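Following: one structure in structure tokens, then a few remarks.
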Amino acid sequence: MKTAVFIGLGSNLGDKRSNLEKARQEVSAIPGVIIKRASAIYWSKPWGYKEQDDFLNQVVELETELSPLDLLHHLQSIEIKMGRQHEIKWGPRIIDLDILLYGDLVYADEELQIPHTHMRERLFVLVPLQEINANLVFPDDGAYLREVLIRVPVRERNSIKKI
4 MKTAVFIGLG SNLGDKRSNL EKARQEVSAI PGVIIKRASA IYWSKPWGYK EQDDFLNQVV
64 ELETELSPLD LLHHLQSIEI KMGRQHEIKW GPRIIDLDIL LYGDLVYADE ELQIPHTHMR
124 ERLFVLVPLQ EINANLVFPD DGAYLREVLI RVPVRERNSI KKI
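So the sequence shown is numbered by the working numbering: it starts at 4 and just counts up by one.
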């Protein structure tokens, strides 16, 4: 059975736009994965570790029959192939690929948490997600995306813009 999955993409090193494009190509080349939609690209200030360059972010919706962990391992392989280094938590990166939502699944182990742990605090995820699916409902608590967006602190509102 195919499942709708939302993936967050981010880059703040090198040619950021090209990195996002390359990552989308690599994701679409995963056997059993079809990209259905992609948001516009958004500029955002760093989140977490602030002493780094600004990011370009995007969200894609895909369909897959892969398990969440199989998909995660493919995404991690793409990150490694593209040169990602894990030196600083939330630090600079060529590419970051995160599973945000996987159908209606609520899942947590040491490798993966669905819905993504911090996605409700990150406008660079929520805004492009709303662009793709404005009526989205979070599977863990039934909250609507528009409700979650309203609760994001006002100080975050200037931290993102569509480019």
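Beta carbons: idealized from backbone N, C-alpha and C, even for Gly. Predicted model, so just to flag it, every value in this text is computed and none were measured.
N-terminal and C-terminal residue of the beta strand (DSSP E) that residue i is part of
i, result
"A137", "Careful: A137 lies outside any beta strand (DSSP E) and carries neither H nor E."
"D101", "99–105"
Limits of the alpha helix (DSSP H) - the one that residue i falls within
i, result
"Q79", "71–84"
"S31", "19–31"
"V155", "That residue, V155, is in no alpha helix (DSSP H); it is neither H nor E in DSSP."
Paired residues, beta bridge with residue i - DSSP
i, result
"Q61", "L12"
"K164", "W46"
"T6", "T67"
"R40", "E64"
"Q116", "A111"
Coarse secondary structure for residue i, derived from DSSP in three states
i, result
"E66", "strand"
"R96", "coil"
"R149", "helix"
"R125", "coil"
"A131", "Strictly speaking, residue 131 in this sequence is Pro, with Ala absent from that position. In this structure, P131 counts as helix in the three-state DSSP scheme."
Residue i, buried or exposed, once every other Cβ within 10 Å from all chains shown has been counted against 16
i, result
"R40", "exposed"
"A26", "buried"
"K5", "exposed"
"Y45", "buried"
"D107", "exposed"
"G145", "exposed"
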